[in-house]
């Protein structure tokens, strides 16, 4: 057990440190969601509960929009599931790293998976092979981002009515993903995937229930894979 302590400390510290830049954008994102719940007249406890049970900002904001439009619960749930299908891609990418983890870690850690945590972990796991360091990194990054999201939600719910309507905090939603993507644009496949994915997502913005996000993700994955396959070794 004493031999594990340095690995635990290394992984946890690295995870928390990596989460800090993401948290800067995640807090106002959570704030925007909390304010949206207040503006929609939804019960604050129900709105806050979504940040603990769903823990997915894009899906939560889409659900909020559909609730405001009096959509049926079937449509609301289906939309959230469609938008969150991207987590299946993250799971496939992270599965090899998770395989050596004890069963309780493999079951518990995915609760903390977000876009930010998945991206940070995939980057970190590429350089770090120790499974102990890896799982504590994921815990540190995931919990750090989740806690900031929860706090942002609560602050938004509490102060929502006091924030002037002239202050537009919705810009923080794309800001989160800009912070997430930019550090990964280090080679041709990544750049190609970002351009193709973003282009398709924008071109198909008229699709319902967030399907443009899935279309963009699929286009980005395919384009990046093609460039990676054919680039010079």
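In our numbering, the protein residues as written are 50 to 282.
The C-beta atom is built at its ideal place from N, Cα and C for all residues, glycine as well.
*Leaving aside the five residues before and after residue 59 along the sequence, list all residues of the same chain whose C-beta is less than 6 Å from its C-beta, in chain order.*
Counting from 1 along the chain shown, the entry for residue 59 is found at position 10. The residues are 182.
*Nearest-angstrom Cα separation, counted from residue 255 out to residue 196*: The residue you call residue 196 lines up with position 147 of the chain shown. The residue you call residue 255 lines up with position 206 of the chain shown. Cα to Cα, the separation comes out at about 33 Å.
_Check whether residue 115 and residue 85 have beta carbons under 8 Å apart_ = For the purposes of this step, residue 115 is identified with residue 66 of the chain shown, where counting begins at 1. For the purposes of this step, residue 85 is identified with residue 36 of the chain shown, where counting begins at 1. No, they are not a contact pair.
*In three-state DSSP terms, what is residue 50?*
On the chain shown, position 1 is the one that residue 50 refers to. With a pLDDT of 42 at residue 50, under the threshold of 50, the modelled position of this residue cannot be trusted; read the value that follows with caution. Residue state, collapsed to three classes: coil.
*Counting pairs of beta carbons, one from the segment 92-108 and one from the segment 116-127, are three or more of them closer than 8 Å?*
Note that the segment 92-108 does not touch the segment 116-127; fewer than 3 beta-carbon pairs, one per stretch, sit closer than 8 Å.
*Which residues in the same chain have their Cβ closer than 8 Å to the Cβ of residue 271, if we skip the five residues on either side of it in sequence?*
Here residue 271 refers to the residue found at position 222 of the chain shown. Taking residue 271 as the centre and dropping the five residues before and after it, the same chain places the C-beta of 245 closer than 8 Å to its C-beta, in chain order.
*Go through its chain and collect everything with a Cβ distance to residue 186's Cβ below 6 Å, but skip five positions before and after it.*
For the purposes of this step, residue 186 is taken as residue 137 along the chain shown, with counting starting at 1. 60, 63, 64, 173.
*DSSP state of residue 256, grouped into three classes?*
Taking the first residue of the chain shown as position 1, residue 256 is located at position 207. Coil at residue 256, not helix or strand.
*Nearest-angstrom Cα distance between residue 54 and residue 128?*
Position 5 of the chain shown, counted from the start, is the residue given in the question as residue 54. Position 79 of the chain shown, counted from the start, is the residue given in the question as residue 128. Roughly 43 Å between the two C-alpha positions.
*asked:* Here's the rule: buried if 16 or more other CB atoms are within 10 angstroms of the residue's CB, otherwise exposed. What is residue 164?
replied: One-based indexing of the chain shown puts residue 164 at position 115. That one is buried.
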